[in-house]
Amino acid sequence: MTTTIDTRLGLGRQLPAYPLLMLLLAVSLGVSGAPAPLYGIYEEQWRLTPITTTLVFAVYAFGALVAVLVSGVVSDRYGRKPLLLGAVVAMVVGLVVFMLARDVTALYVARALHGAAVGTVVVVATAAMLDLRPDDGARTGHLTGITINVGMAVTILSASLLAQFAPDPLVTPYAIVTLVVVLLLAALLPMPETHRDRSTQPVRIARPRVPAEIRADFRFAVLGVMAAWSVLGVYLSLFPAFAGVSTGIHSLVFGGLVVTAMAGAGAFGQAFGGRLAARRAAVAGDFGTALALVLSLFALDSRSAGLVVAAAVLMGLTFGLAMGGSLRHLGSVVPAGHRGEVMSAFYLLAYGAMAVPTIGAGWAATQWSLESVFPWFTAVVAVACLAAGALGLASVRRAW
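When the sequence shown is numbered by my numbering, its final residue is 430 and no position is left out of the sequence of numbers.
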């Protein structure tokens, strides 16, 4: 029996494919952020140094890098659904490893699995949504950015509350997330394949390719995202503990609330940014992120919990503008036959920008202290954001 894909409503009684893929993105990014409020427990119980924490986080990013190198091309050749199902299974395995972890080696294994899984989902699910709605690329990019931040915000806040108040803080949060992922896997099984016009060429692992006709647009879209994701890496690995030390509030809920405030504001920023032209939103986000970084230093120095949360909200708003504007613009110009490889290139650079500065900050914090390192990190990333904004502004002027 053959099946057809209804790009708006889904197939028969199955869950509609487009919103199901959106839910998959939200859950996947939630999985990636779930350990963020728990790193402080690992550091305390296992006596981990800042460099170890950031390396554990970076393993996720490098796993995602490998995934984005191959997943887009492989999905263009063999279809989206097999890779999505495999990625969800890998998420479940990684969560089980987290629950059974007794030393840092297990954390490396779990984070590598999640990096590969989430990197695959981000690239392939985005390409699948573009398959379903090929004439609505800008809106897909807009909704993807919002979904990613909502998934992170909900999961991180839930994980911090469960770790603070539920029994066994290093097991219960992962167990709840595992249940959600298993339910999602069951919903994905009947989903029809979205990519019918597949390549017949043998799969070759090569660097992602950006078609010549969109390279200028691609450079514009990726510059600001690289700067913004370098901030995201530090926020998800070191910042919760640093905020607690700065304010004197040693609570898992407070650390989780800081990251949740950033992610939730990021979703709001992307929703609001959808009313702006994609290019303008991205440029405003780049300059805004630089300003938010500077203000976060003053907030931390004030040792005021309210100001720290407010700085996180501002950071999220500007991050959301930069990320959402870039995704919307890229989604509107990517050619149909190159969606997988272009999204691979985009997220390859984004994850690289997340991993490298995070490792650098962790190493420096081991040599000196996070309090002395963070201003230098802020200055470097703020300059990068300003440079991205300036280049983007020049691109906007040329477009006008």
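Just so it is clear, CB atoms sit at the ideal spot from N, CA and C, and this is done for glycine as well.
Check, Outcome
"C-beta atoms of V252 and F269 nearer than 8 Å", "no"
"Residue burial classification, L130 (beta-carbon count within 10 angstroms, cutoff 16)", "exposed"
"Rounded separation between G361 and L416 - CA only", "24 Å"
"The alpha helix (DSSP H) enclosing L347, as first and last residue numbers", "335-363"
"DSSP state of M129 mapped onto helix, strand, coil", "helix"
"Span separating the alpha-carbon of A412 from that of L351", "16 Å"
"Identity of the residue in H172, Q194, V154 nearest A308 by Cα", "H172"
"Residues near A301 by beta carbon distance below 7 Å, same chain, minus five either side", "I176"
"Own chain residues within Cβ distance below 8 Å of M256, not counting five before or after", "L379, A380, G382, A383, A414, A418"
"Check whether M345 and V261 have beta carbons under 8 Å apart", "yes"
"N-terminal and C-terminal residue of the alpha helix (DSSP H) that L68 is part of", "Premise fails: L68 is in no alpha helix (DSSP H) and is neither H nor E."
"Separation of V104 from D223, as counted between CA atoms", "First, the residue type needs correcting, since residue 223 is Glu and not Asp in the sequence shown. When rounded, the distance between both Cα atoms is 14 Å."
"Whole-angstrom C-beta distance between A158 and L51, which should lie under 8 Å", "6 Å"
"Cβ pair count under 8 Å reaching 3, the stretch 147-154 against the stretch 83-102", "yes"
"Segment limits, alpha helix (DSSP H) that includes I434", "In this structure the chain extends from 31 to 430, so residue 434 is not present and cannot be described."
"L321 versus A47, R310, F248, V343, residue with shortest Cα-Cα distance", "V343"
"Within 8 Å, strictly: CB atoms of L282 and P67", "yes"
"Assigned secondary structure, V201 (DSSP; H/G/I helix, E/B strand, else coil)", "coil"
"Own chain residues within Cβ distance below 6 Å of V364, not counting five before or after", "V372"
"Reference A376, options T396, R245, T135, closest by Cα", "Note that residue 376 is Phe in the sequence shown, not Ala. F376 has its Cα closest to that of R245, out of T396, R245, T135."
"Any chain C beta carbon closer than 8 Å to F87", "Of the protein chains in the structure, only one exists, and it is not chain C."
"Exposure of F407, with buried meaning 16 or more beta-carbon neighbours within 10 Å", "buried"
"Reduced DSSP category for P220 - H, G, I as helix; E, B as strand; rest coil", "coil"
"Simplified DSSP state of G278, which is helix, strand or coil", "coil"
"For D166 and A183, the rounded distance between their alpha carbons", "26 Å"
"Under the three-state DSSP convention, the category S399 falls into", "coil"
"Enclosing alpha helix (DSSP H) for V442 [first to last residue]", "Coverage of the chain is limited to positions 31 through 430, which leaves residue 442 absent and any answer about it impossible."
"Cα-Cα separation between V126 and S356, rounded to whole angstroms", "35 Å"
"Among S402, T396, L423, G304, nearest to T82 - alpha-carbon criterion", "T396"
"Nonlocal neighbours in the same chain, by C-beta distance under 8 Å from H359, ignoring five residues either side", "A168, G171, D247, F250, A251, A308, R309, A312"
"Proximal residues to H368 (C-beta, below 6 Å), its chain only, five neighbours per side dropped", "P241"
"H144 versus T388: straight-line alpha-carbon distance, rounded", "18 Å"
"Which listed residue (L323, G315, G102) has its alpha carbon closest to that of G303", "G315"
"CA nearest to the CA of D161, picked from P112, E73, Y48", "Y48"
"Rounded separation between V122 and G70 - CA only", "23 Å"
"Boundaries (first-last residue) of the alpha helix (DSSP H) holding G145", "134-162"
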